[in-house]
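What follows is a single structure, written as structure tokens, with notes after it.
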Amino acid sequence: MREMVLVGFLQAQNCSNFSASWRHPDGRTDFMTADFYQHIGRVLEEGKFQLAFFDDRLSMPEFQSGNYQEAVANGVRCVKLDALTCMTAIGMATKRLGLGVTYSTTYYEPFHVARAFATLDQLTGGRAAWNIVTSLNDAEARNMGREALPEHDERYDRADEFLEVVLGHWDTWEDDALVIDRKTGFFAHPEKVKRIEHEGRFFKSRGPFTVPRSAQGHPVLIQAGQSGRGKRFASEWGELIFVYNLGVEAGRKSYADLKASCAATGRDPDTMKIAALVYPVVAETRAEAEDKRALLETLPKEIDSLLLLTEAMNFDFGSKPLDEPFTDAELKSISGLHTMRDRVLAATGGRNPTVREFIQITGRGRLQNPWVGSPKEVADMFEEHFTAPACDGFVVGATSVPGTYEDFVKFVVPELQRRGLFQKDYKGSTLRENIGLPRPDVGKWRSVRRG
Ligand SMILES: Cc1cc2nc3c(=O)[nH]c(=O)nc-3n(C[C@H](O)[C@H](O)[C@H](O)COP(=O)(O)O)c2cc1C
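In terms of this note's numbering, the sequence shown opens at residue 13 and continues consecutively.
This is the structure in structure tokens:
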């Protein structure tokens with residue numbers, strides 16, 4: 013029977029993706045300790061989650077006037093630790109849990125990213141995954157030696173070449189290259205370790221790469237592109253795809269489309285798993301879960317939404333009165349998440365939205381379409397989406413940390429296991445074994461990619 017993939021959505025921050033989570037009375041505030049992250053890792057592993065995953069952004073949210081002080085005063089994602097370091101701490105406290113981290117192709121060098129993730133993969137016995145993003149806003153650009161975010165499709169062109177370099181490096185060492193014979197002093201077969209000699213439009217990298225292949229070959233590739241260009245990138249490279257929860261019907265169509273575009277690139281669509289982002293709020297009874305929701309709804313402030321919309325859209329949401337409609341030029345100048353802008357336009361029927369409508373429709377900074385109920389009711393929603401199928405699994409977002417993960421593991425996981433929808437134990441020791449992805453052969457991606 014088909015079993016779902018469960019991913020814990022984590023932030024190496026003072027709050028979760030629901031930024032008001034730090035104001036929750038039950039939330040932990042020691043987010044700058046290893047124990048905070050290791051506790052979450054242990055909870056997820058007890059619940060047999062296949063993967064823990066950190067999102068990332070390379071700046072604080074700030075208004076384009078340069079005002080970051082509101083983000084600091086209100087604790088709106090203003091603390092962001094290095095996610096790979098935090099994930100290494102989780103890796104040291106767990107044995108089977110997969111370890112996913114976001115790194116941007118727009119600002120890093122491929123050699124650096126290839127080595128950082130290959131190292132995590134080695135140290136954890138083949139449990140690493142990389143969430144490939146192209147970044148969103150000018151504040152990130154200004155921290156990373158640029159003035160402005162490069163144009164959307166151009167970022168994906170660079171990401172394509174970035175992947176060629178990273179995968180080239182990850183293929184440098186053949187699986188049987190290492191010998192390590194102390195008696196004869198023979199370390200490894202030199203003919204099984206090659207340079208990549210890459211010279212392209214964006215990058216130059218010679219090799220040879222300095223980390224041999226891991227137990228799972230190389231880290232799993234995660235992607236979450238939602239635009240046409242982003243989806244093309246995802247279907248060519250992505251092994252685990254994150255999508256927003258569109259509801260069961262739209263989700264089913266989007267799932268079929270993504271699988272078909274994966275197949276159209278010559279890949280086996282089973283080598284691409286799709287996981288939808290959801291925010292469960294669960295308790296022993298529906299009434300208790302509703303009380304939890306009522307408390308959560310009191311936590312966000314309007315400033316959270318304005319800052320987070322500015323961050324995501326790369327447009328200054330602090331610069332306009334709440335009820336003034338956007339001009340055509342302003343809508344066009346949004347260079348961050350186009351898909352979010354387009355969703356708002358679809359909801360207003362094409363009429364130019366106001367700032368308030370952006371807040372209401374996107375739910376950014378607020379409780380976004382939570383799945384609230386008793387264990388059975390919440391498990392029903394998971395089952396309906398999974399069996400439709402609108403996805404192969406779920407990215408479980410937190411509204412209280414670590415409470416959301418603890419509640420989910422206590423209440424929902426046993427119910428999903430009872431229904432045969434989720435694993436009772438890990439299938440193997442590597443992340444690939446646990447989410448049903450093949451171990452890649454050296455060089456295989458070259459024959460699939462663009463013929
Ligand atoms: C579950 C999920 C997590 C994401 N995490 C990040 C992240 O950590 N950093 C980031 O810059 N973008 C993140 N994104 C945004 C995507 O990478 C992507 O840019 C976005 O979905 C828009 O698609 P597009 O790039 O094709 O326009 C995430 C998206 C989803 C659905």
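All residues carry an ideal CB built from backbone N, CA and C; glycine is no exception. Computed from a predicted model, the values in this text were never measured in an experiment.
Close beta carbons around ARG170, own chain, < 7 Å, minus the five adjacent residues each side: THR117, THR118, PHE214
Cut-off 7 Å between Cβ atoms - residues of its own chain near GLU309, not counting five sequence neighbours on either side: LEU379
Check: THR351 C-beta below 6 Å from any heavy atom of ligand 1: yes
Terminal residues of the alpha helix (DSSP H) in which LEU319 lies: 314–325
Given ARG98 as reference, the closest of PRO382, GLY432, ALA24, GLY415 once Cα atoms are compared: Rather than Arg, the amino acid found at residue 98 in this sequence is Cys. CYS98 has its Cα closest to that of ALA24, out of PRO382, GLY432, ALA24, GLY415.
Closest residue to LYS304 among TYR291, ARG207, ILE315 (Cα-Cα distance): TYR291
When VAL454, LYS344, LEU318 are compared against LYS332, the one with the closest alpha-carbon: LEU318
THR118 in three-state terms, based on DSSP: coil
Where PHE338 sits in the DSSP three-state scheme: coil
Segment contact, 8 Å Cβ cut-off, at least three pairs: the stretch 133–150 with the stretch 101–117: yes
First and last residue of the uninterrupted beta strand (DSSP E) at GLY87: Note, GLY87: premise wrong, no beta strand (DSSP E); not H, not E.
Residue environment, ASP183, which counts as buried when at least 16 other CB atoms sit within 10 Å: buried
TYR256: CB within 6 Å of a non-hydrogen atom of ligand 1: yes
Any non-hydrogen atom of ligand 1 within 6 Å of THR322 CB: no
Distance between ARG298 and TYR168 (C-alpha atoms, nearest Å): 44 Å
Collapsed DSSP secondary structure at PRO452 in the structure displayed: coil
Where LEU18 falls: helix, strand or coil (DSSP): strand
Three-state class that DSSP yields for ALA209 in the structure shown: In the sequence as presented, Ala is not what sits at residue 209; that position holds Glu. Three-state result, GLU209: coil.
Through-space distance from LEU179 to ARG462, alpha-carbon basis: Reliability fails at ARG462, whose pLDDT of 46 lies under 50, so the model's placement of it is uncertain and the value that follows must be treated cautiously. Those two C-alpha atoms are separated by around 15 Å.
Assumed close pair SER478, HIS164 - CB separation to whole angstroms, cut-off 8 Å: No answer is possible for residue 478: the residues shown for the chain start at 13 and end at 463.
Enclosing alpha helix (DSSP H) for TYR80 [first to last residue]: Where TYR80 is concerned, there is no enclosing alpha helix (DSSP H), given that its DSSP letter is neither H nor E.
The stretch 336–344 / the stretch 362–378 touching (three or more Cβ pairs under 8 Å): yes
ASP133, DSSP secondary structure in three states: helix
CB-CB length for LEU490 against ALA141, believed under 8 Å: Here the chain comprises residues numbered 13 to 463, so residue 490 is not present and cannot be evaluated.
Ligand 1 heavy atom lying under 6 Å from the CB of LEU96: no
Alpha helix (DSSP H) segments (min. 4 residues) lying fully within the stretch 124–201: 150–155, 164–182
THR117 CB to nearest heavy atom of ligand 1 below 6 Å: no
Rounded C-alpha distance that separates LEU334 from THR366: 6 Å
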